[in-house]
Structure formats: structure tokens, C-alpha cells
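Asks: Chains as they are written, first to last, in the numbering used here: chain A, 1 to 241; chain B, 1001 to 1241. Please see the structure below; I have some questions.
Protein chains: 2
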Amino acid sequence: MTKAFEPLIREPAYLKVFRAIEARIADGALPDGAHLPTEAELCEQFGVTRSTVREGLRLLEQTGLVQRAGKKIVIKRPDSADIAAAASKSFALGGVTFHEVWDALATLYPEAARLAAKRLSKDDIAALEDTRAVLVAAPADDHEATVAAAVEFFQLIARGLDNRVMLAMLQSLNMMIGESLRQVIAGAPNARARIANAQGELVAAFRAHDADRAADWMAKHIADLKRGYVVAKVDMNAAIL
Amino acid sequence: MTKAFEPLIREPAYLKVFRAIEARIADGALPDGAHLPTEAELCEQFGVTRSTVREGLRLLEQTGLVQRAGKKIVIKRPDSADIAAAASKSFALGGVTFHEVWDALATLYPEAARLAAKRLSKDDIAALEDTRAVLVAAPADDHEATVAAAVEFFQLIARGLDNRVMLAMLQSLNMMIGESLRQVIAGAPNARARIANAQGELVAAFRAHDADRAADWMAKHIADLKRGYVVAKVDMNAAIL
DNA sequence: ATAATCCTATTGTCCGACAATCGCAATATG
DNA sequence: CATATTGCGATTGTCGGACAATAGGATTAT
């Protein structure tokens, strides 16, 4: 006998609230920056109680689709930074290892550098030099400043690629680079000098639009990071954070 | 006058509930597969009401840290697929264009293929051939089967790299490849034959552990996708989905 | 042993209430 | 007149209790 009825889908009301609002955001009915009606109004519109609406709102909130600005809830589509932050948090929870992160860096970043050599604007390159200057100027014992400048250098490259997909991916790597570097820099005395040198060569390659050279130096730069691990005696198979 | 008091941090209780449980998951106190106590018990432990607990649970839920299995809530750390799904959904919401996705594919996948040539096991390669066989065997007018097989081929490569970071990134690209291909295949008659050919060459390169050849054919494979866009008259600057 | 039935714990939803807080308007102050 | 202060109202955060629906386990019947 053939089935007479479809299994009827029952979804909690709070999920329906979530999806309804999500759909409006997706189709542009609720544009970026618009603010949601008050909870009471949503109750009325959806015909559910405030508790239910609030559970739905919590889902939206965590998805990164809305943000509380003071008392109002404003629509904000997730940008690259949001995606990257969520991803790297998940990676950390998943116990991703130094080796996996480094491996990804070594695979992706030389190609990113290759693109950067073609795409970075003069302003982008100037910003890179500024950041390099900050790194060079940082006190030798201020590891945090060194890490910050090194990461910012990567960030600038990622942003200069003019591609939100790659930006999000590289950005999530960048956040994890930060964690890695923190552990390396304290234990590897001349790390900062080596970083500064690599950055200098990279900037020169970018300026010359020399993709091969940029990729090459980026590969060296990343390889150096691994050497840093060894010197600092970091276990490559340990989880980051 | 110097400030006499720190600004005291006040966080909604439902956020504290969320963070408390999240922390327990992060530090391993709540291992994967464990199940959370009932809402009533959580109320008691945290000293808040059920509404509050539930709002916290909704946050956990959307973060992907827990999953409802029937009535119980079980702990489940987000895996690569979760990260990829969340990321590609965000990309879609952000209006990422075909061009951005293709650009990322063209940048990342040849390098992935290079790694794959070194890392894929015999079983991995056999699975690739099986998938290719499925694609070849699919009826010419069954676009969906063709898309599925083509995407699965990419999935197998990504999984074979043995790196969760790269897996998550490639996987999110794969999900978007699906969207792209769907639009291309209907409009590009011999797309399937070209895909099958590229897949064959890739498998051969993998089998020979020839990284350069693998990267080369992958680049061609991706370039073909762009030609498909042109033939199918897809606007590269249009948003995916 | 398997299938059908009942029970109970738990979830999903609702209602009503109140304190805390934010935004804004009305007011006071210079 | 411009700026700071105060007060008010709307809105959120939290509470407590309530009830129907349901999933899962225990119990009974086949």
C-alpha cells in the first residue's frame, strides 16, 4: 500500500520565528542596518508569546544576523570577520593542531601572496610598510606588539585580495597565526628580525608586481614559522589553545 | 580625578548560562556525546528560571555545540562540515559573487591537488574513480546526479588531505561549487564530458603522485568551470543563490 | 520474543508580572 | 542659547507557574 500521507513536519515555533526573520533578511526585505520591531510587536505579528519570540531571537543573535545596539536589535549580515571568528573558534574547539594550521598556511598563503602581487594597490603596499615599521619599532621584549604587527601584516594582504571568500578564509587562519606566534616569539630570540626581513622582501616583491618572488618569500616566511616552532619546542601535534 | 571604580560588567543571565556550558565543553568536562541534564536540572544548578536556561540553550544550539537527539541534548563539537555549512550560508547571505567563489577555487584548489598527489591513499584514489564512474554513468539529462558526482569528487579530494582546517575551507567552497555547477550544466552541453575527462587526468596524476600534473589539471578543471559560466551566460558578478 | 499499551518525565508554549535599563523628552543650569 | 540633569515611558531581562504534546521507558498482552 502506498503511503497516503506525507509525514508532517512539526517544527518548534521558535524555529519558525527564526526562519521567518532569517528569510526576510536573506531576501532583502530587512536590509542591513534596519532594526527589528520590539519583542512585543513580534509577538503580535507571529501570534506567539514573548518567551517563544525571545528564543528565536537568540538563534538569530548567535547566527550573527542581528546585533544588539543598545536596546534595539539591528540587522547585520555576517561579514568576513564574523565568519572567520566563528570558524576559528570552532577549529579551536575541535582541537585543531599546530601542524594542521601550519599546513594550511603553507598551502594557501604563498598563492595568496601571488595574487597580492597582482592586486595590491599602492595604498595597500604603503599600509604594509607602515605595519612593518610598527613591528620594527616595537620594543624587543614587547611580544604582544610584535605578534599584533605580524598578524596585521597578514590581514592587510588578505584584505588586499579583494575577494570576500578568500578574505574570510585567510582571516580565520590569521587569528590562529596569532596563537601560534605568541608561543613562538617568546622562545625564538631572533624571530622578530626574521619576520621583519621576510616582510621587507614581500613588500618589495609586491611593489614590483613579481608574483613568483612574492610566493617564494611567503613560503619562506611560513617555513620560518615552523622553524620557530621547533626552536620554541612547540609540539606540532598539540591543539592550538 | 582618577576613576574610583571599574565599570562593572553586567551580562544577561542567559549569556552566562551559555558561556558556562560552552566552557565545560571546551575544557572537555562535557565530552562529545555526553548529554546535558534536563532543563529543570539546569535551572536548579544555575539558579535561574527555565526561560533563561532555554535562551541559553538556543545559543548553544545555533553555535553547533549541542544537538537535539530526540528529547535529549547531546554535546557535539562542530566538525568541518558544520563549519563549512555555516560559512557558506554566511557567504550566500553576504551576496558573494560567482567571481569571488571562482577566484577562490582557482587559487586554492590547484594547491590542494598538489597536496592530494602526495597524500591520497590508494583507497582514496579508488573512491575517486568510483565517483567518476558514477558521473560517467549518470543519464545525460540528469543534471542533479552530475552535479552531485562532480561535487563528491571535490569532497573526496578535500577529505584526503588529512587536514581539518583545509577540509573545512575546501568543503565550504564545494558547497558553493554545487550552486555554480547547477547553473552551468544545464546550459553547457558537453560539460559532463569535459568534467569526466579532467577527473580522469586528475586520478592518473594522483596515482602517479605527480603533484605538478595534478595541479595543472586541476587548474584546467577550474578554468573549464569559468568557461561554463560564459557559455551558460551566467553573470559573474551576480550573487550566488 | 515481539508487539501493543500505558505512564511519566521532559519539552514546547503560554500567561502574567516586575525590576532593571535605555532612550528620549522635559527641565534645570551655566 | 547651549549644555547638563532629571524624570518618564517603553522595552528588555528575569521570574514563577501552568498545561498540552510528546518521547522513551515500563508494562502488559499476544
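We put the beta carbon where it would ideally sit given N, CA and C, even for glycine.
1. Using a Cβ-Cβ cut-off of 7 Å (strictly less than) and excluding sequence neighbours within five positions of Leu93/A, which residues of its own chain qualify?
2. I'd like to know whether the C-beta of Met1/A is nearer than 7 Å to at least one C-beta of chain B.
3. Go through its chain and collect everything with a Cβ distance to Leu65/A's Cβ below 6 Å, but skip five positions before and after it.
4. With DSSP collapsed to three states, give me the class of Val1074/B.
5. Since Asp32/A contacts Lys76/A with CB under 8 Å, what's their CB separation in whole angstroms?
6. State yes or no: is the beta carbon of Pro1012/B nearer than 7 Å to at least one beta carbon in chain A?
7. State the Cα-Cα distance for the pair Ala1081/B and Gly1178/B, rounded to the nearest angstrom.
8. Identify which residue in Glu39/A, Lys122/A, Arg192/A and Gly187/A has its Cα closest to the Cα of Glu151/A.
9. Using a threshold of 7 Å, state whether the C-beta atoms of Val1165/B and Ala239/A are closer than that.
10. Helix, strand or coil, according to DSSP, for Ile35/A in the structure here?
11. Distance, Cα to Cα, Phe1046/B vs Val1017/B?
12. Just checking: is the beta-carbon of Asp103/A within a distance shorter than 7 Å of some beta-carbon in chain B?
13. Put Arg68/A into one of helix, strand or coil per three-state DSSP.
14. Can you tell which of Leu173/A, Thr146/A and Ala196/A has the C-alpha that lies nearest to the C-alpha of Thr97/A?
15. Between the region 1057 to 1073 of chain B and the region 129 to 145 of chain A, can you find at least three pairs of beta-carbon atoms closer than 8 Å?
16. What are the boundary residues of the alpha helix (DSSP H) that Lys1226/B is part of?
17. Of all the CB atoms in chain A, is at least one closer than 7 Å to the CB of Ser1180/B?
18. Of the residues Ala204/A, Gly70/A and Lys226/A, which one's Cα is nearest the Cα of Leu120/A?
19. When you compare only the Cα positions, how much space is there between Glu39/A and Leu1156/B?
20. Would you tell me roughly how many angstroms separate the C-alpha atoms of Ile21/A and Leu57/A, rounded to the nearest one?
21. Give the interface partners of Ser51/A over in chain B, defined as CB-CB distance under 7 Å, in chain order.
22. Between Arg182/A and His143/A, how many whole angstroms is the CB-CB distance? I'm expecting something under 8 Å.
23. Alpha carbon to alpha carbon, how far is Ala1196/B from Asn1163/B?
24. If I follow the unbroken alpha helix (DSSP H) through Pro1189/B, where does it start and stop?
25. Can a CB atom of chain B be found closer than 7 Å to the CB of Gly160/A?
26. Could you check which residue in Val231/A, Leu225/A, Glu11/A and Tyr109/A has the C-alpha nearest to that of Arg159/A?
27. For Arg114/A, does the count of other Cβ atoms within 10 angstroms reach 16, so buried, or fall short, so exposed?
28. In angstroms, rounded to a whole number, what distance separates the CA positions of Val1234/B and Gly1187/B?
29. According to DSSP, is Thr1097/B helix, strand or coil?
30. Alpha carbon to alpha carbon, how far is Arg68/A from Val74/A?
31. Which residue's Cα is closest to the Cα of Ala198/A: Leu225/A, Met175/A and His209/A?
32. Looking at Ala116/A: is its Cβ nearer than 7 Å to the Cβ of Thr52/A?
33. How far does the alpha helix (DSSP H) with Ser1051/B in it extend, from its first residue to its last?
34. What do you get for Pro1189/B, buried or exposed, if any count of 16 or more other CB atoms within 10 angstroms of its CB means buried?
35. Contact criterion: CB-CB distance below 7 Å. Does Asn163/A meet it with respect to chain B?
36. Quick one: measure Cβ to Cβ for Arg125/A and Arg207/A, integer angstroms, because I've assumed they're closer than 8 Å.
Replies: This is what the structure holds:
1. none
2. Any reading at Met1/A needs caution, since the residue's pLDDT is 47, under 50, leaving its predicted position unreliable; the model's value is listed next. Closer than 7 Å: no.
3. Ile25
4. strand
5. 6 Å
6. no
7. 15 Å
8. Looking at the sequence itself, residue 151/A is Val, so the reference to Glu does not match. Cα-wise, what sits closest to Val151/A is Arg192/A.
9. no
10. Note that residue 35/A corresponds to His in the displayed sequence, not to Ile. Three-state result, His35/A: strand.
11. 7 Å
12. yes
13. strand
14. Leu173/A
15. no
16. Ala1211 to Val1231
17. no
18. Ala204/A
19. 46 Å
20. 9 Å
21. Ser1051
22. 7 Å
23. 26 Å
24. Note, Pro1189/B: premise wrong, no alpha helix (DSSP H); not H, not E.
25. no
26. Tyr109/A
27. buried
28. 9 Å
29. strand
30. 6 Å
31. Leu225/A
32. no
33. Arg1050 to Thr1063
34. exposed
35. yes
36. At residue 125/A the sequence reads Ile, which differs from the Arg that was named. Right, their Cβ atoms sit about 6 Å apart.
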